[in-house]
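Following: one structure in structure tokens, then a few remarks.
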Amino acid sequence: MTERPTVPAGESSEAAPTPSVWWAAGRTGGQPITTSRPDGANGRRATVEVVHEVDCHGLAELRTPRDDLVRELEPDPAPEPTDLRSPAPGETLRFDLAHGPFHTWVRTLAIGPPDTAQPDSDRRRVVETIEYRAAIGVWRPLLALPLRRAVRSRKVPWWAPPDRLDERATRVLCLLACIQIIDGYLGTVITQTITFASDEFQRSATAQGVTLAVTRLGIVVALGVVALADSHGRSRLLTTAAILAVATTALGALSPGLWFLGGTQLVARGLTMGMGILIGVFAAEELPRGSRAYGVSVLALCAALGAGMAVWVLPVADLDPRGWRVIYLVPLLAVPALVGIGRRLPESRRFTANLPDATATGAQGTLRRIEGRRLLLLATAAFLLLVFAAPASQFQNDFLREHRGYSATGITLFTLMTSTPAGIGIFMAGRLADTRGRRGVAAVGLLGGTAFILVAYHSAGAAMWTASVTGTVLGSLTVALGVYGPELFSTRHRARANGLIVTLGVAGSATGLLVVGMLADRFGSYGPAFTVVAVGPVLAAVLVLRWFPETARVELEVLNPGDADLQGASSDAAAPDRT
75 MTERPTVPAG
85 ESSEAAPTPS
95 VWWAAGRTGG
105 QPITTSRPDG
115 ANGRRATVEV
125 VHEVDCHGLA
135 ELRTPRDDLV
145 RELEPDPAPE
155 PTDLRSPAPG
165 ETLRFDLAHG
175 PFHTWVRTLA
185 IGPPDTAQPD
195 SDRRRVVETI
205 EYRAAIGVWR
215 PLLALPLRRA
225 VRSRKVPWWA
235 PPDRLDERAT
245 RVLCLLACIQ
255 IIDGYLGTVI
265 TQTITFASDE
275 FQRSATAQGV
285 TLAVTRLGIV
295 VALGVVALAD
305 SHGRSRLLTT
315 AAILAVATTA
325 LGALSPGLWF
335 LGGTQLVARG
345 LTMGMGILIG
355 VFAAEELPRG
365 SRAYGVSVLA
375 LCAALGAGMA
385 VWVLPVADLD
395 PRGWRVIYLV
405 PLLAVPALVG
415 IGRRLPESRR
425 FTANLPDATA
435 TGAQGTLRRI
445 EGRRLLLLAT
455 AAFLLLVFAA
465 PASQFQNDFL
475 REHRGYSATG
485 ITLFTLMTST
495 PAGIGIFMAG
505 RLADTRGRRG
515 VAAVGLLGGT
525 AFILVAYHSA
535 GAAMWTASVT
545 GTVLGSLTVA
555 LGVYGPELFS
565 TRHRARANGL
575 IVTLGVAGSA
585 TGLLVVGMLA
595 DRFGSYGPAF
605 TVVAVGPVLA
615 AVLVLRWFPE
625 TARVELEVLN
635 PGDADLQGAS
645 SDAAAPDRT
């Protein structure tokens, strides 16, 4: 077993040696022994050391630059092909980073002489040392272990994006993921607390529906945010909107009535919707063509995590009739993080490349007609989907509490147990949408998710739980639709066009909330009400299969010819896709 060098004076004890682990290395002809230290913070590099006992074939592979999670430059000087299996004794090779999700990457090989005890053997001892620092920021503690495993291997890990990300794309995606968690929390507080607020203020289900519908008028605020984003940039506006949304949400804790809560949420939800639009646009403009849907799925998981955090806090509503107000104060803890993110988040490359004075203006009439048709198609699909999806989400707590007798703790357990498996569907939706195409994945999500959620609202007990889990997992496949908005519009119109799509989606949400709220009061049950609005997603699936274009693995500049060509947009997309 190899020994790690002693920790230099002044370094943290966190860099002390950790127990060695074995790594099967059939492809390198031996059984290496590895030692590693945790991925360091504050600019320190992580180190992985692997001791190989290899034959000539394994040695040739080790001396070949990697092209998997990372692409390496040729060593300088590069070995001759005839020397790959017969290096000079004591040779040392250094491989530097060419492309990959790292700030720094250095791999060195120290090649020992042949085993003199066995003259006929071609086996050698090779010490491979990899020093790296991943561009994953605050996500380092969570991703350190799977990343170390991937670093040791010469295979693309299952969780990696279909197209390899570079340092900048990785850094931007990680920063956007942090904002998306906050966005997810802010977007669900009214959903989780409306039934408790209504009890304190003694209001009916119809009043709940009206309040939730009124908050959708915040789309006017969102349209203002995205209009500014198309003219002034994405980065600074995104973090400013996030801080304002947190502050406005906190005002809801002071609500004297449902009208005040609805008013503060109108502004907060408008800012939150603007944040969501800008996050999706920003990600599409930074990620490589074969990983845009993957990025959308990762951000959707982060939004779900944020929404889940609101559910974690929900049991405080059982402690006191006014306990639900605490949930509106929790996001204030995120303000310092948002300030830090604002300092680190760069401006979108495509926005910078498509400033008004840097882009051509020819053929604008034709491009506007094309984008107009796309806008109508996507907005109609959003309306039809959210007529069902919005009330299905918003009324779930009231359904469980009033019609199934669940407490706040019971609602929390139900939500966590039935929604957590959706992460599988969200992740698979992004990967499949990038590698197999968007339309089929989205159609399965629309039809399957609607069917099973409808069954859940008509059932109780185990049948309700099973249908809810299945419907949530299948419904999460509709994440594949989320990438269409940023893809099908030029950079100068992208944020505003997505704002208009969201506006029609909000109209669908408000329509669904009003219809379901009134029908539930009339029939005394949510099941018949959801049967009426379930026609929306079915029609949306028809639109997707019949008229939506396939955009997987196509550059944004190809989809939108009016945009300036972004040099290096996919200059090194990835090693070949392993799906």
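Just so you know, we're using the working numbering here: the sequence shown kicks off at 75 and counts up by one.
By construction, the Cβ of each residue, glycine as well, lies at the ideal position given by its N, Cα and C atoms.
What you are looking at is a predicted structure, and each value in this text was computed from that prediction instead of being measured.
Please say whether residue j and residue i have beta carbons closer to each other than 8 Å?
| i | j | result |
| --- | --- | --- |
| Val461 | Gly610 | yes |
| Ser371 | Pro236 | no |
| Ala391 | Trp398 | yes |
| Thr346 | Gly261 | yes |
| Val547 | Pro495 | yes |
| Gln254 | Gly446 | no |
| Leu640 | Glu561 | no |
| Asp304 | Arg140 | no |
| Asp472 | Thr269 | yes |
| Ala464 | Phe604 | no |
| Ala287 | Leu588 | yes |
| Ser359 | Arg277 | Per the sequence shown, residue 359 should be read as Glu rather than Ser. Contact: no. |
| Ala172 | Leu147 | yes |
| Asp595 | Pro395 | no |
| Gly591 | Val607 | no |
| Arg119 | Arg207 | yes |
What did DSSP end up calling residue i once you bin it into helix, strand or coil?
| i | result |
| --- | --- |
| Phe169 | strand |
| Thr203 | strand |
| Gly446 | helix |
| Asp257 | helix |
| Asp129 | coil |
| Glu123 | strand |
| Leu441 | helix |
| Pro187 | strand |
| Glu421 | coil |
| Glu624 | coil |
| His177 | strand |
| Arg570 | helix |
| Asp639 | coil |
| Thr138 | coil |
| Thr565 | coil |
| Glu631 | helix |
| Glu148 | coil |
| Thr494 | coil |
| Arg198 | strand |
So, for residue i: in the same chain, excluding its five sequence neighbours on each side, which residues have a beta-carbon less than 6 Å away from its beta-carbon?
| i | result |
| --- | --- |
| Val529 | Ala541 |
| Leu521 | Ala615 |
| Met349 | Asp257, Ala315, Ala316 |
| Leu325 | Thr338 |
| Thr285 | Leu332, Gly336 |
| Gly416 | Thr313 |
| Leu361 | Ala243, Gly369 |
| Gly601 | Tyr531, His532 |
| Leu217 | Ile210 |
| Met383 | Tyr259 |
| Ala374 | Ile500, Val553 |
| Leu458 | Gly610, Leu613, Ala614 |
| Val618 | Arg513, Ala516, Ala517 |
| Leu318 | Leu345 |
Sorted by chain position, which residues of the same chain lie with C-beta nearer than 8 Å to residue i's C-beta, five sequence neighbours on each side aside?
| i | result |
| --- | --- |
| Pro220 | Pro231, Trp233 |
| Phe356 | Val246, Leu250, Arg308, Ser309, Leu312, Ser422 |
| Tyr558 | Leu452, Arg512, Phe622, Thr625 |
Comparing the C-beta of residue i with each C-beta of chain D, is any distance below 8 Å?
| i | result |
| --- | --- |
| Thr121 | In summary, chain D is missing from the structure at hand, where a single protein chain is found. |
Take residue i and list the residues in its own chain whose beta-carbon comes closer than 7 Å to its own, dropping the five residues that flank it on each side.
| i | result |
| --- | --- |
| Asp196 | Asp129, Cys130, Pro188 |
| Trp539 | Thr492 |
| Gly344 | Gly292, Ile293, Val294, Val295, Ala296 |
| Val385 | Gln266, Thr486, Thr489, Leu490 |
| Leu406 | Val320, Ala324 |
| Leu633 | Glu561, Leu562, Thr625 |
| Arg168 | Pro149, Val180, Thr182 |
| Ser481 | Asp392 |
Is residue i near the ligand FMN, with its Cβ less than 7 Å from a heavy atom?
| i | result |
| --- | --- |
| Val294 | Looking at this structure, you won't find the ligand FMN or any other ligand, since it has none at all. |
Is the region 447-455 close to the region 570-590, with three or more CB pairs under 8 Å? yes
Flag this pair as touching only if the region 473-489 and the region 580-591 have three or more C-beta atom pairs under 8 Å; answer yes or no. no
Any alpha helix (DSSP H) of 4 or more consecutive residues that is wholly inside the region 314-397: 332-360, 366-387
Complete runs of the alpha helix (DSSP H) confined to the region 207-246 [at least 4 residues]: 214-226
Every unbroken alpha helix (DSSP H) within the region 550-619, with a cutoff of 4 residues, ordered by chain: 558-561, 568-597, 601-607
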